[in-house]
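Some notes on the structure that comes next.
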Amino acid sequence: MRGGAGTVVRTSEPSKLRVRRRVREVYARREVLLNLVRKELKVKYTASFLGAMWSLLNPVVFLAVFTFVVKITNSSFAHFPIYLLSGLLAWNLFSVSLAGGARSVIDNANLVKKVAFPREVLPLSAIGVALVDFVLQTAVLLLFILVSGYGIHLPELAIYPLAFATLLVFTLALTFWVAALNVRYRDIQHLLNIALLVWFWMTPIVYSGFLVQDLLSGRSVLGVSLWGLYLANPLAPVVMGFQRALYGVVLPAGADRPVLPDVSLAWLAVVLAIVLVASVVFLLYTWRRFFELSGDFAEEL
19 MRGGAGTVVR
29 TSEPSKLRVR
39 RRVREVYARR
49 EVLLNLVRKE
59 LKVKYTASFL
69 GAMWSLLNPV
79 VFLAVFTFVV
89 KITNSSFAHF
99 PIYLLSGLLA
109 WNLFSVSLAG
119 GARSVIDNAN
129 LVKKVAFPRE
139 VLPLSAIGVA
149 LVDFVLQTAV
159 LLLFILVSGY
169 GIHLPELAIY
179 PLAFATLLVF
189 TLALTFWVAA
199 LNVRYRDIQH
209 LLNIALLVWF
219 WMTPIVYSGF
229 LVQDLLSGRS
239 VLGVSLWGLY
249 LANPLAPVVM
259 GFQRALYGVV
269 LPAGADRPVL
279 PDVSLAWLAV
289 VLAIVLVASV
299 VFLLYTWRRF
309 FELSGDFAEE
319 L
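Each residue of the sequence shown is one higher than the last, beginning at 19 in this note's numbering.
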């Protein structure tokens with residue numbers, strides 16, 4: 019509730035975020051989280067003939083459309099489906115979490131007004147739903163890789179856990195932020211749709227990461243490396259990590275130029291580690307902002 023001069027007065031929670039205590043509180047209400055995930059999945063697939071198979075339709079449609087485009091433009095490269103699906107795997111987890119997270123508090127307005135629970139559960143449930151789709155899509159991609167005879171590249175696969183952890187932390191941080199802001203500023207969810215469209219094309223999912231590296235390396239603006247600026251997009255090294263782990267080869271057999279950025283596995287690991295550390299710092303900031311704003315959620319809704 020609000021006190022004098024617009025001050026937020028919390029009757030059942032501390033005035034400041036205590037991370038360890040809050041983690042314990044969220045864990046204690048894990049049943050609420052799991053029930054919300056179940057509810058969202060049930061709503062998503064209820065009365066659906068294909069059920070969870072719909073989660074696989076999005077990457078399949080992307081694959082069909084972009085395979086046609088690259089064939090027409092003569093810009094295809096070896097094993098393009100695996101390259102594209104590896105990048106889409108990371109992107110779909112990120113974009114679906116953000117889109118669902120932005121609406122998570124608003125869509126559960128009745129719950130927010132009537133039940134006392136850590137509000138972090140709401141954006142976490144959106145990420146939980148996206149993770150279910152992520153697991154299904156991962157299983158299908160791995161099966162496709164094995165059935166097609168492409169195979170798994172074990173040394174490169176070692177970077178997958180780091181890329182996944184980085185993606186998850188950054189996604190959580192940004193989801194907390196948009197979930198809180200969208201309660202007060204409803205334009206956020208609409209701006210997010212536009213931002214995700216631009217963000218998709220600024221990330222090497224459809225086109226070769228090496229082409230970007232080749233174009234931007236050695237170039238700068240006001241002393242800032244354009245390649246370094248491109249990598250400042252957290253999703254760029256994350257997607258490169260997924261592609262390096264699953265697509266595996268920088269230079270496919272018989273190709274005249276690399277497909278993945280021509281960097282060592284150690285270099286990519288260092289870049290991902292930097293993004294991970296920065297994402298943790300960002301998470302602490304956005305989590306505090308979410309916690310501060312959550313005291314007004316019931317009133318704003």
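Glycine included, every Cβ here is placed at the ideal spot set by N, Cα and C. In this text the structure is predicted, and so the values were computed from the model without any measurement.
Using three-state DSSP, classify residue 238 as helix, strand or coil. strand
Closest to residue 221 by C-alpha separation, out of 190, 209, 247, would be which residue? 247
Residue 166 by DSSP, collapsed to three states: which one? For residue 166, the secondary structure class from DSSP, reduced to helix, strand or coil, is coil.
Thinking residue 58 and residue 143 are a contact (beta carbons under 8 Å), I'd like their distance in whole angstroms, please. 6 Å
Tell me where the alpha helix (DSSP H) around residue 223 begins and ends. Here residue 223 belongs to no alpha helix (DSSP H), and DSSP marks it neither H nor E.
Can you tell me whether DSSP reads residue 143 as helix, strand or coil? helix
Can you find the residues in the same chain that come closer than 7 Å, C-beta to C-beta, to residue 303, ignoring five residues on each side of it along the sequence? none
In angstroms with no decimal places, state the Cα-to-Cα distance between residue 252 and residue 236. 21 Å
Following the continuous alpha helix (DSSP H) through residue 131, name the residue where it begins and the one where it ends. 127–132
Alpha carbon to alpha carbon, how far is residue 261 from residue 271? 17 Å
Between residue 258 and residue 314, what straight-line distance do the alpha-carbon atoms span, to the nearest angstrom? 39 Å
Would you kindly check if the distance between the Cβ of residue 54 and the Cβ of residue 305 is under 8 Å? no
What is the DSSP secondary structure of residue 282, reduced to helix, strand or coil? coil
From 244, 50, 39, 147, residue whose alpha carbon lies closest to that of residue 60: 147
On the CB-based measure, 16 or more other CB atoms within 10 Å of its CB, does residue 101 come out buried or exposed? buried
Kindly indicate which three-state DSSP category residue 312 falls into: helix, strand or coil? helix
Skipping 5 residues on each side, what residues in its chain have a beta carbon closer than 7 Å to that of residue 244? 234, 237, 238
From 202, 310, 284, 225, pick the residue whose C-alpha is nearest to that of residue 103; which is it? 225
Could you check the C-alpha separation between residue 280 and residue 309 for me, to the nearest Å? 42 Å
For residue 94, which three-state DSSP category applies? coil
Please state if the CB of residue 40 and the CB of residue 136 are separated by a distance shorter than 8 Å. Taking 8 Å as the Cβ cut-off, residue 136 and residue 40 qualify as a contacting pair.
Rounded to the nearest angstrom, what separates residue 132 and residue 228 at their Cα positions? 53 Å
Go through its chain and collect everything with a Cβ distance to residue 120's Cβ below 7 Å, but skip five positions before and after it. 196, 197, 200, 206, 207, 210
Could you tell me which residues DSSP pairs with residue 243 in its beta bridges? 238
Give the straight-line distance between the Cα atoms of residue 85 and residue 212, rounded to the nearest whole angstrom. One C-alpha to the other measures close to 24 Å.
Using three-state DSSP, classify residue 118 as helix, strand or coil. helix
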